[in-house]
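Reading through the structure tokens given below for one structure.
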Amino acid sequence: MKHLFTTFFSFLSISVFAQGGNYVANSSNSSTPGQDNVLIGPLVGVSITGNGIANTFVGSNAGRRNTTGQSNSFYGFRTGWYNTTGIINSFFGADAGFNNTTGSANSFIGNTAGFTNTTGFYNCFLGSESGFYNSTGNNNTFLGNRSGQQNTIGTGNSFVGAEAGISNTTGSGNSFLGLKAGKNNTTGELNTLVGFLAGQNVTTGNNNIIIGPYSGTAISDSDDNVLMGYNSQAEDGLQNAIAIGSNSRVAVSNALILGHGVNVGIGTSAPTARLEVVSDKSDDSGLRLSSLTDNSRTAHQSDQFLTVDSQGNVVKARYQLRIQDPAQWSDKVFAPGYSLQPLPAVEAYIQKNGHLPDVPSAEEVAEKGVDLVKMNALLLQKIEELTLHMIELQKEVDMLKRTGSKN
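For the sequence shown, position 380 matches number 1272 in the working numbering, and the numbering has no gaps at all.
Here it is in structure tokens:
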């Protein structure tokens, strides 16, 4: 056993040695090495110069073209091969950051992650082939197998999930979360897509917020839409359309759809109608129509209107007036003992007040309005009183006729 260890360390003494403060193993090192570098593997850091310091290159051809790049960590076959002056990069995985030249502060982890990156900076790619074609794009975060694979110059994107944003090329400011979320986006910008296959067919659409599994799969070039909920959808080409709720669907621009076959409650957690509004005050609807007031003209001729029943349900009705008690109506005029004002007294009242007795004046109606039930009962009362006067007059006429015939 002692002989075995002696042989092993003798082998290390041949293949591992110190050169200018560097730790080198199995590498044809540069003739002008920098300092504090760790170089392990064939042709690792062979181009490094005196200013290339604090690098760690492990793997065949790792950091092969690095000259003055500093504080880089390349682990894996051909990682950071073309890096020359790029600094503080971390590449892990075969061919990760292969074409990086001057790009700095990148983290590429996974087989061929960030393979084509040249000058892009502040990128974080995690997953096999993630950010593969990124060249100059910066401030991107791609997490997941092949996430952001086709991105070239797009910046400020965050793609999380296998193949999330895989087709994005120049689109910027996007956030995709979920398996294949935003899969076909190419140039669309400022989109937020969250959920399995969320917005997977969006290509050039901008400013969309799509949240929920399978949501927004029907749109490609729509802008400024909000879709929230499982399989929430919008017709393609819409603008400023909103659908909220599972299986909700909006078909026109500048519209808001709440749910699919659901009840909507405002001020209540248990709505029992398509729309139920509960005000914080009794006998108050809680609704306000700012553009429709009592001064608005009538737009349509109809004998129907909306009203509420005893439970507060909004119902369609005709102009039908109801009374609570028979005494509220005018049949009392025909009851025995009713005091019918004589016509001279009525005439005197009209001359003094300008309107019939018991009837409100025009000024009073303009100021306070009228109760339609009471007004209809009052008008009928006047008609019935007039009828009684006509009956009396008819009796007098008949009597005069009989008297005249005798003479």
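Built from N, CA and C at the ideal position, the CB exists for glycine as well.
Residue pairing from DSSP places I1158 in a beta bridge opposite V1169. By alpha-carbon distance to L1235, the top candidate from Q1243, P1228, I1101 is Q1243. Per DSSP, reduced to three states, the secondary structure at T1096 is coil, with no helix or strand assignment. With a beta-carbon spacing of about 4 Å, L1085 and G1074 fall inside the 8 Å limit used to define contacts. Counting of Cβ neighbours within 10 angstroms places T1199 among the exposed residues, the total staying below 16. Residue range 1235-1245 is occupied by the alpha helix (DSSP H) that includes Y1241. For Q927, the secondary structure class from DSSP, reduced to helix, strand or coil, is coil.
Spanning the alpha carbons of G1046 and G1063 requires a straight line of approximately 5 Å. Collapsing the DSSP output to three states places A1254 in a helix. Counting other Cβ atoms within 10 Å of its Cβ, T1185 stays below 16 and is therefore classed as exposed. Around the Cβ of N992, a 10 Å sphere holds 16 or more other Cβ atoms; the residue is buried.
A1133 places its beta carbon less than 8 Å from that of A1147. Counting only the Cα atoms, A1219 lies some 14 Å from N1268. When DSSP states are grouped into helix, strand and coil, V1206 belongs to the strand group. Of the candidates N1026, N981, V1251, N1032, V1251 places its Cα closest to the Cα of I1275. Beta-bridge analysis with DSSP links F966 to F949, F983. According to the DSSP assignment, I1111 belongs to no beta strand (DSSP E), since it is labelled neither H nor E. Judged by DSSP in its simplified three-state form, L1280 adopts helix.
Contact check for S1067 against Q1041 fails: the beta carbons are separated by 8 Å or more.
Below 8 Å, enough C-beta pairs join the segment 927-939 and the segment 951-967 to call them touching: three or more. With distances taken between CA atoms, S1140 lies nearest to P1105 out of R1038, P1105, I1283. Residue environment analysis places R1189 among the exposed positions, since fewer than 16 neighbouring C-beta atoms fall within 10 angstroms of its C-beta.
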